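Chains as they are written, first to last, in the numbering used here: chain X, 1 to 269; chain E, 1001 to 1309.
Where is the CB? At the ideal position from N, CA and C, for every residue including glycine.
The structure presented is a predicted model; accordingly, all values stated were derived computationally and were not measured.
Remarks on the structure that follows.
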Amino acid sequence: MNRVWALSVITYKEGIRNRSLFGILAFALFVLGLNISVAGFFMREVGKVTVDMNLSALTFSGLLLVFFVALHLMAKDIDKKTIQLVFSKPLSRGEYILGKYLGILFFVVVSLLALAVFSIATVSLVRGLYPNYFAGFSWPIFFTAGCFVLVQLAVLCAILILFSTVTTSSFASLIFTVCVYLVGVTIEDVLFYIQSGFRTEAISPVVQEVVKVVSYILPNFSMWDFKLEAAHGLAIGAERIGLGLGYAAVYIVVLLALATLFFQRREFN
Amino acid sequence: MSVAEISLKNVSKTFSPGLFKKKVEAVRDLTLEVGKGEVYGLIGPNGAGKSTTIRVLLGLIRPTGGEILFRGEPPRHGEFQKEIGYLPENPYLYDYLTLEELLQFCGRVSGVGGEERRKRIDELSGKLQLTEALRRPLRTYSKGMLQRAGICFALLHDPAIVILDEPMSGLDPMGRKLVFDLVLELKEQGKTIFFCSHILSDVERLCDRMGVLVRGRLARTFGKSDFAAGCEAAVHLLLPPVEERLRPALEGLQGELVSVPDGLLLSFPAERLPEIAGALTRLGIGIRGTRSSRVSLEELFIETVGESS
């Protein structure tokens, strides 16, 4: 475990000192600042818009962190052959996968916590300016939704690790991870549409089956999306929280196990 | 008979680049042994399979055939890595880490205790003149400094076997001397060293045995003693450019005459030195200097590569 910890520490340091991080944080701060300046335009909806905008800013910044910084923390090791140096030490491939994952996760968590501080300040400020429109707002629900943004990113990091172990270029890992994320956030709606009676056009049974199979294989990101509940101040049941966390944990373990399996077979020339 | 530290027995490696592409035989039926405390140099032209051999040895790639033994047994992961230190060609290190952080990581994963780790970091950074740069991000390092940092990374856990892939690559003359002295020191400490290089003078001065790898095959192996015997018999005199009318007389001296950028090089057996010196005096040709046996190693190398191609 000492070896895993040592690798995760250097991975975290390498990520947190990356200059791209400042650009992403600046973008998030801009969105939060924009939220303060335009909040007045929404009048009765100001509370909902503020919460939604804050959680969306956190999610989008988290995605940028994963796609543009975390991606390189593993892919660069393979692209630049640093991994050959690392594997010349007594570190197994499974330990490498776990160490890299934990390092990337620490990096994402710390970066997002820094942003969360600004987000909390933004919500508090807007709430102070328009107290009448925050009647349904609840900090615990807001924090729960914020924590589930982290859970989404934790799963996404595991997907990224898996693709980094099977592809030969970081660009391919990026494309595959983005695709899985896009399918993951929309699959529930697509499935709902196919199964509902609202559709106006006939959909072939093959497509319906394919969508169903894909929905079983790929993670359903809407399981961890509580923006709507946070915006409207709707309570999130303990069973939904438990189910969401369990679903994420199982996914992460399976993805990392698969990544280790693929990595053990991989050659580093 | 003592067991070799590293043995490669009939090792082959064929790469399959993909559908519709020709397979590449990088290493073919390679057999070699490196004994304890021995310095073995693997030389060969670009693409000969030197780096592939090292990667097969380290377990980074799987051999297509053959067997690799470490002290007579198949290498066990963890134990083997604790005993080896590896420097790849042009190492790429983490941009945003400092050398100290990188070496701390190296020590931790290799199981070197805190106090010992600190001691080794100070010692190695001092030897390789990186003390001032220990706390600087590695992305600010020059190519030569990165190479030296890579050597620190390879040696931090005081391995018994050191594997160096082009250790002098990217180093200036001072850097080369530093690394050269360090390798000599490792040799004196009884470490087993296996290295690949294009710089034949380094191979000649450092190695006990040398192997010439051509197109993945070990074309020739020679020990230092074999090589020295061949060299002692030869004297290489550097002569100025001579007029055309003197060339037949020079060629008649029964030595080997070759053109070099600054004149001519006349090689002949050592016992003929008085006779040749007299003949040169009679012809009015001065001697500019002598060349060491390095030329002979180059010749041997070129000859071996030529024969095997």
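Residues of the same chain with a CB within less than 7 Å of the CB of Ser-173 (chain X), apart from the 5 flanking positions on each side, are Leu-71, Ala-75, Leu-160, Phe-163, Ser-164 and Thr-167 in chain order. Beta-bridge partners assigned by DSSP to Pro-1269 (chain E): E:Ala-1234. In the displayed model, Val-178 (chain X) falls within a helix according to three-state DSSP. Shortest Cα-Cα distance from Gly-1286 (chain E) to any of E:Ile-1302, E:Leu-1250, E:Pro-1261 and E:Glu-1132 involves E:Leu-1250. Against chain X, the beta carbon of Leu-1097 (chain E) has neighbours under 7 Å at Ile-10, Lys-13 and Glu-14, listed in chain order. Here the segment 1247-1267 of chain E does not lie against the segment 1080-1092 of chain E, with fewer than 3 beta-carbon pairs under 8 Å apart.
With a threshold of 8 Å between beta carbons, Glu-267 (chain X) makes contact with chain E.
By the criterion of a C-beta distance shorter than 6 Å, Leu-1156 (chain E) is surrounded in its chain by Leu-1103, Cys-1106, Gly-1107 and Arg-1120, once the five residues flanking it on both sides are discounted.
In this structure the segment 1109-1126 of chain E does not lie against the segment 1045-1059 of chain E, because fewer than three pairs of beta carbons, one per stretch, are closer than 8 Å.
By the neighbour-count definition (other C-beta atoms within 10 Å, threshold 16), Gly-1072 (chain E) is an exposed residue. Note that the C-beta distance between Cys-157 (chain X) and Ile-104 (chain X) is below 8 Å.
Of E:Pro-1137, E:Arg-1205, E:Tyr-1092 and E:Pro-1261, the smallest CA-CA separation from Glu-1100 (chain E) is found for E:Pro-1137. In the structure shown, Gly-1223 (chain E) adopts extended strand secondary structure according to DSSP, grouped into three states.
According to DSSP, residue pairing for Ser-1259 (chain E) in a beta bridge involves E:Leu-1264.
Note on Tyr-181 (chain X): 16 or more other CB atoms within 10 angstroms of its CB, so buried under the neighbour-count rule. Look at Ala-6 (chain X): its C-beta is under 8 Å from a C-beta on chain E.
Taking 8 Å as the cut-off, the Cβ atoms of His-1077 (chain E) and Ser-124 (chain X) do not count as close. Sequence-distant Cβ neighbours of Leu-191 (chain X) in its own chain, meaning closer than 8 Å and more than five residues away, are Val-211, Lys-212 and Ser-215. Residue nearest to Gly-1306 (chain E) within the set E:Glu-1271, E:Val-1235, E:Gly-1263 and E:Arg-1220 is E:Arg-1220 (criterion: CA-CA distance). Collapsing the DSSP output to three states places Leu-258 (chain X) in a helix. In this structure, the CA atom of Ala-1234 (chain E) is about 16 Å from the CA atom of Lys-1224 (chain E). Residue range 1024-1034 is occupied by the beta strand (DSSP E) that includes Ala-1026 (chain E).
The contact set of Gly-1047 (chain E) on chain X, defined by CB atoms closer than 8 Å, is empty, because the minimum CB distance reaches about 13 Å. Here Leu-21 (chain X) has Gly-15, Leu-65, Val-69 and Ser-111 as same chain residues with Cβ atoms under 8 Å from its own Cβ, once five neighbours each way along the sequence are excluded. For a Cβ distance threshold of 9 Å, residue set Ile-83, Gln-84, Phe-87, Ser-88, Glu-267, Phe-268 and Asn-269 of chain X lies close to Leu-1060 (chain E), ordered along the chain. For Asn-1090 (chain E) and Asp-1029 (chain E), the gap between their C-alpha atoms comes out near 27 Å.
Using a 10 angstroms sphere on the CB of Met-43 (chain X), the tally of other CB atoms stays under 16, which defines it as exposed. Counting only Cβ-Cβ distances below 8 Å, Ile-1084 (chain E) has contacts in chain X at Ser-88, in chain order. For Arg-1062 (chain E), the closest C-alpha among the options E:Ser-1012, E:Leu-1300, E:Gly-1175 and E:Ala-1277 is that of E:Ser-1012.
Ranked by how close their Cα comes to the Cα of Arg-1245 (chain E), the residues E:His-1236, E:Glu-1166, E:Glu-1298 and E:Gly-1284 have E:Gly-1284 in first place.
Among the CB atoms of chain E, one or more fall inside 8 Å of the CB of Arg-17 (chain X).
The beta carbon of Val-4 (chain X) is closer than 6 Å to those of Glu-95, Leu-98 and Gly-99 in its chain, skipping five residues each way along the sequence. Apart from the 5 residues on each side of it in sequence, Gln-208 (chain X) sits with its Cβ closer than 8 Å to the Cβ of Ile-194 in its chain, given in chain order. Rounded to whole angstroms, the Cβ separation of Val-1242 (chain E) and Leu-1265 (chain E) is 12 Å, and the two are not in contact under 8 Å. Contacts with chain E at 8 Å (Cβ-Cβ) include Leu-91 (chain X). The C-beta distance from Leu-1097 (chain E) to Lys-80 (chain X) rounds to 14 Å, too long to meet the 8 Å contact threshold.
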